[in-house]
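**Q** If you use my numbering, the sequence shown corresponds to residues 1178 to 1464, in order.
The C-beta atom is built at its ideal place from N, Cα and C for all residues, glycine as well.
There's a structure below that I have some questions on.
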Amino acid sequence: MTTTYTPTNPVWCSGCGHYGVKGAMERSLAQLGIAPHETMLLTGIGCSGSVQNNINAYGYHSMHGRVLPTATGAALANPELTVIAAGGDGDGYAIGGGHLVHALKRNASVLYILMNNAVYGLTKGQNSPTSGTAVDAVADAPIDGVSMGLAIPGTTFLARGFTRDADQLNDLMTKALEHVRAKKGFAFLEVLSPCVTYNDTFPDWDARVHNVDADPDYAPNDRGAAFVKTMNLNSEGKIPTGLIYHEDRPCFEAELLKNDTSPAQLSAHDPKNHLDKLQAVMERYHM
Ligand SMILES: Cc1ncc(C[n+]2csc(CCOP(=O)(O)OP(=O)(O)O)c2C)c(N)n1
Ligand code: SF4
């Protein structure tokens, strides 16, 4: 008997930016001909994380902030899968911030989509690491994912899209998926995806985005120049979008196995050989 999995409809508010992320994800996967059985989508907790319920692929809903280690494990365990991780700015820049830094540094072949709405949507409107000006009464300086990504030496693919510009977002997501499929490592795509209910940033972001893809002098393979340009844009109150940085170097999986691809080493990484250990761990959690 064949079981067909039909994704449910999203539960998001009308006008939520996350619809645009879901649309771009479906469009890019279809354009590249990546089938549902070749795709695994893992997500964090948040309105953003619920995208996992609505994409026809293998799925896993991780604990809040913990999606990246789990996604890295999936990519290492089954290199034939296209592994996509997704979550919000609370998930990825607050509780999961350390994991993001190390995922950039490690460069395993995973696409990470961080849906930035500058607020905690699911828990009803608290300040997030990117809120900046007050959602709550107290404002502090916002984290900038682009500056952070450029500052980590391991970063190989860094981009920022905006759900308002569906074609650009689709293009960036396709490029990011190609990077991951070619085993070039970790692709970090931050998407400006406004929360229309608790912090409607559409008007502000509409006025401030600056697309570096449209600048013929912008060189996404020059980290230093990218830093200067994006920092200058930030200080002018602009938000850089587009392909910010791209570099070719071996991914973590290639580095891990390059010195030893003997059957013993490959077998040590084969999850089928560890089912007894997994069973023992699961037993410990039985009441
Ligand atoms: C360990 C843990 N801490 C806190 C929470 C509560 N919590 C659930 S979602 C969330 C933040 C959601 O914001 P974000 O990640 O930005 O996603 P959004 O809902 O805005 O898409 C928080 C704090 C939780 N579920 N687990
Ligand atoms: S609360 Fe905000 S982030 Fe959550 S579904 Fe509604 S608009 Fe989207």
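1) Would DSSP call M1178 helix, strand or coil?
2) Quick check: is the beta carbon of T1340 nearer than 8 Å to any beta carbon in chain B?
3) Rounded to the nearest angstrom, what separates H1356 and A1207 at their Cα positions?
4) Helix, strand or coil for N1233 per DSSP?
5) Under 8 Å Cβ to Cβ from M1178, same chain only, skipping five residues before and after it: list those, please.
6) Checking 8 Å against the spacing of the C-beta atoms, do G1197 and S1305 come in under that value?
7) Between N1386 and P1184, what straight-line distance do the alpha-carbon atoms span, to the nearest angstrom?
8) Going by DSSP, what residue range makes up the alpha helix (DSSP H) through R1426?
9) Thinking C-alpha only, which one of C1193, T1249 and A1212 is nearest L1219?
10) Just the residues with CB closer than 5 Å to a heavy atom of ligand 2, in chain order, which are they?
11) Is any heavy atom of ligand 1 found at a distance shorter than 7 Å from the C-beta of V1228?
12) Between which two residues does the alpha helix (DSSP H) containing F1363 stretch?
13) Ordered along the chain, which non-local residues of its own chain (more than five positions away) have a Cβ less than 8 Å from that of M1408?
14) I'd like the span of the beta strand (DSSP E) that includes M1202, first residue to last.
15) Give every residue of the same chain whose Cβ lies closer than 6 Å to the Cβ of F1365, excluding the five residues on either side of it in the sequence, and list them in chain order.
16) Mind checking S1227: buried by the 16 CB within 10 Å criterion, or exposed?
17) Does the beta-carbon of H1241, which I'm using as the reference point, lie nearer than 7 Å to any heavy atom of ligand 1?
18) To which residues of the same chain is D1266 closer than 7 Å at the C-beta, ignoring the five residues directly before and after it?
19) Residue range of the beta strand (DSSP E) that A1263 falls in?
20) Whole angstroms is fine: what's the gap from I1329's alpha carbon to M1350's?
21) State yes or no: is the C-beta of T1333 within less than 8 Å of the C-beta of N1284?
22) List the residues that DSSP assigns as beta-bridge partners of N1450.
23) How should V1458 be labelled, buried or exposed, when 16 other C-beta atoms within 10 angstroms of its C-beta is the threshold for buried?
24) Restricting to runs no shorter than 3 residues, where is the beta strand (DSSP E) found entirely within the region 1322 to 1400?
25) Please work out which residues of its chain come closer than 6 Å, Cβ to Cβ, to T1378, disregarding the five sequence neighbours upstream and downstream, and give them in chain order.
26) Can you tell which of K1199, V1405 and L1346 has the C-alpha that lies nearest to the C-alpha of A1263?
27) List the endpoints of the continuous beta strand (DSSP E) containing T1216.
28) So, with DSSP's three-state summary, where would you put G1192?
29) Among the residues of its own chain, which have a CB less than 6 Å from the CB of P1187, if the five just before and after it don't count?
**A** Based on what the coordinates show:
1) Any reading at M1178 must be qualified, since the residue scores a pLDDT of 48, below 50, and its modelled position is unreliable; the value itself is stated next. M1178 falls in the coil class under three-state DSSP.
2) Included in the structure is just one protein chain, with no chain B present.
3) 16 Å
4) coil
5) Interpretation of M1178 is limited by its pLDDT of 48, a score under 50 that renders its predicted location unreliable; no figure is taken from the coordinates.
6) no
7) Note on residue identity: the sequence assigns Val, not Asn, to residue 1386. Taking the straight line from one Cα to the other gives about 33 Å.
8) Premise fails: R1426 is in no alpha helix (DSSP H) and is neither H nor E.
9) T1249
10) W1189, C1190, C1193, C1224, G1298, C1372, V1373 and T1374
11) no
12) F1363 -> no alpha helix (DSSP H), and no H or E assigned at all.
13) S1324
14) Looking at the DSSP string, M1202 is not in any beta strand (DSSP E); the run it does join, the alpha helix (DSSP H), is H1195 to Q1208.
15) Y1289, G1326 and L1335
16) buried
17) yes
18) L1291, N1293, N1294, A1295, S1305, P1306 and T1307
19) T1259 to G1265
20) 21 Å
21) yes
22) According to DSSP, which records beta bridges pairwise, N1450 is partnered with nothing at all.
23) exposed
24) 1334 to 1339, 1364 to 1369 and 1386 to 1388
25) A1295 and P1371
26) K1199
27) T1216 to T1220
28) coil
29) N1231
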